[in-house]
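Numbering (the numbering used here), first residue to last: 1 to 298.
1. Measuring alpha carbon to alpha carbon, tell me which of 285, 71, 292, 296 ends up nearest residue 42.
2. Count the other CB atoms within 10 Å of the CB of residue 318; is the residue buried (16 or more) or exposed (fewer)?
3. Please state whether DSSP places residue 34 in a helix, a strand or coil.
4. Within 8 Å, do at least three Cβ pairs link the stretch 82-93 to the stretch 127-147?
5. For residue 295, does the count of other Cβ atoms within 10 angstroms reach 16, so buried, or fall short, so exposed?
6. Whole angstroms is fine: what's the gap from residue 161's alpha carbon to residue 58's?
7. Express the C-alpha separation of residue 188 and residue 36 in angstroms, rounding to a whole number.
8. Let me check one thing: in DSSP terms, what residues is residue 160 bridge-paired to?
9. DSSP three-state call for residue 69: helix, strand or coil?
10. Under a Cβ-count criterion, where at least 16 other Cβ atoms within 10 Å of its own Cβ denotes burial, should residue 80 be classed as buried or exposed?
11. Can you tell me whether residue 247 is buried or exposed, with buried defined as 16 or more other CB within 10 angstroms of its CB?
12. Less than 8 Å separating the beta-carbons of residue 171 and residue 163?
13. Note down the Cα distance separating residue 68 from residue 118, rounded to an integer number of angstroms.
14. Spatial neighbours of residue 167 within its chain, please: C-beta separation below 7 Å, excluding the five flanking residues on both sides.
15. So residue 125 and residue 157 are in contact, right, with Cβ under 8 Å, and what is the actual spacing, rounded?
16. What did DSSP end up calling residue 102 once you bin it into helix, strand or coil?
17. Which of the three DSSP states is assigned to residue 208 in this structure?
18. On the CB-based measure, 16 or more other CB atoms within 10 Å of its CB, does residue 29 come out buried or exposed?
19. Between residue 230 and residue 71, what straight-line distance do the alpha-carbon atoms span, to the nearest angstrom?
20. Pick helix, strand or coil for residue 175, following the three-state DSSP scheme.
21. How big is the Cα-Cα spacing for residue 186 and residue 152?
22. Rounded to whole angstroms, what's the CA-CA distance from residue 155 to residue 265? Just pull it up for me.
23. Determine whether the beta carbon atoms of residue 213 and residue 261 lie at a separation below 8 Å.
24. Quick check on DSSP: helix, strand or coil for residue 248?
25. Residues in its own chain within less than 6 Å of residue 251 by CB, not counting five upstream and five downstream?
26. Since residue 220 sits in a beta bridge, which residues does DSSP pair it with?
27. Tell me the rounded alpha-carbon separation between residue 175 and residue 245.
28. Around the Cβ of residue 217, are there at least 16 other Cβ atoms within 10 angstroms (buried) or fewer (exposed)?
Below is the structure:
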C-alpha cells in the first residue's frame with residue numbers, strides 16, 4: 001500500500017470512528033437511572049434507625065424517607081441524621097410532616113422544629129395538609145405554605161407539597177396551582193402513584209406527569225392496581241400499595257412519562273401497611289424496579 005493510500009485510509013477511519021453511535025451519545029442522553037429510596041414503613045419502623053439504614057443499604061437502596069408522625073418518630077430524627085453524616089453512600093432524602101387542621105397548634109407547628117434539625121443537610125421537608133374541615137380556607141392554606149417555604153428557604157431546605165388521598169390536596173394536579181401561585185424557588189410538588197390512582201388518575205398518569213413536570217420535586221410509587229378498591233379504607237390501601245411487581249398497574253406506564261418529564265431526583269418506594277418481611281420484599285422490589293427501568297430504556 002502506497003504512502004498516500006495509507007494516509008487516506010487513516011483519515012477515513014478516523015472520521016467514521018468519531019461519528020456518534022446508537023450506543024454512545026444518544027444512549028447517555030436517554031438512559032436515566034434514578035436514585036431509589038424507601039419510606040420507613042412496612043416493618044422498617046419496628047427496627048432501630050441503624051438497622052433500618054443498614055437493611056436498605058444492604059438491599060441496594062440509596063436513601064430513606066422518614067415519617068414524623070408520632071413523637072417517637074420526631075425524636076429519632078437526630079439519630080438518623082447522625083448516622084447519615086457518617087455514611088456518604090446512603091442519605092436521608094426527606095422527612096415528611098402532616099399539618100392536620102384539627103390538631104393542637106403545638107403539634108401543627110412541629111414542622112419548624114423538623115426544619116431546624118435538617119437545616120443545610122440537603123434533606124427535603126415534605127408537607128401534607130390534612131383533611132378539610134369547616135373554617136379552613138384556601139387563603140389560610142396558602143399563607144401557611146408560604147410561611148413554611150419562607151422559613152425553610154433561609155435554612156437551605158427544599159419544601160415539597162405532598163398530595164394525599166382524603167386530604168386538602170388529593171392529587172398533584174390539585175396541588176399544582178398553589179405551588180405556581182406562591183412561586184418560590186425552594187417550593188416544589190410531589191407525585192405519588194398510589195395517591196394518583198386513588199384520585200382516579202391511574203389510566204391518565206402520563207397526562208398528570210406532563211402537567212406538573214415543571215414543578216416536580218419528589219416522586220414515589222408502589223405496586224398498584226389501576227383502579228383503587230374503595231370497599232373500605234383497608235382495601236383502598238392494599239389495592240394501591242403493594243411490593244413492586246404486584247398489582248395490575250403496568251409500571252412501564254409510570255416509568256415512561258417519568259423519563260419523559262426529565263425528572264432527575266430520587267424515586268421512593270412506598271411500603272405503608274406491607275405485611276411481608278422487609279428483608280424479603282425490599283430487595284425483590286428493587287430487583288423488579290431495575291428490571292422495569294432497563295426494559296423501558298431499551
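Where a beta carbon is used, it is the ideal one built from N, C-alpha and C, also for glycine.
On a predicted model such as this, the values are computed, not experimentally measured, just so you know.
Reading from the atomic positions:
1. Comparing Cα-Cα distances from residue 42 to each of 285, 71, 292, 296, the minimum goes to 285.
2. Any answer about residue 318 is impossible in this case: the structure gives the chain only from 1 up to 298.
3. Collapsing the DSSP output to three states places residue 34 in coil.
4. As far as the Cβ criterion goes, the stretch 127-147 does not touch the stretch 82-93, which means the pair count is below three.
5. The residue is exposed, with fewer than 16 neighbouring Cβ atoms inside 10 Å.
6. C-alpha separation (whole angstroms): 30 Å.
7. Whole-angstrom Cα-Cα distance: 19 Å.
8. In DSSP, residue 160 forms a bridge with 126, 188.
9. Judged by DSSP in its simplified three-state form, residue 69 adopts coil rather than helix or strand.
10. Buried: at least 16 other Cβ atoms inside 10 Å.
11. Residue 247 comes out buried.
12. Going by C-beta atoms, residue 171 is nearer than 8 Å to residue 163.
13. Straight through space, the alpha carbons of residue 118 and residue 68 are spaced by roughly 13 Å.
14. For residue 167, where only same-chain residues beyond five positions count, the Cβ hits under 7 Å are 128, 129, 130, 131.
15. With a Cβ gap of about 5 Å, residue 125 and residue 157 count as contacting.
16. In the structure shown, residue 102 sits in coil (DSSP, three-state: anything other than H, G, I, E or B).
17. Residue state, collapsed to three classes: helix.
18. Because the pLDDT of residue 29 is 42, which lies under 50, any placement of that residue in the model is unreliable, and the number read from its coordinates should be weighed accordingly. The residue in question, residue 29, is exposed, as its Cβ has fewer than 16 Cβ neighbours within 10 Å.
19. Their Cα atoms are separated by approximately 30 Å.
20. Looking at residue 175 - three-state DSSP - the assignment turns out to be helix.
21. About 8 Å.
22. Approximately 20 Å, taken between the alpha carbons.
23. Yes, the Cβ-Cβ distance between residue 213 and residue 261 is below 8 Å.
24. Correct three-state label for residue 248: coil.
25. Only 292 meet the Cβ criterion.
26. When beta bridges are read from the DSSP output, residue 220 appears opposite 192, 268.
27. Going from the Cα of residue 175 to the Cα of residue 245 covers about 29 Å.
28. Burial call: buried.
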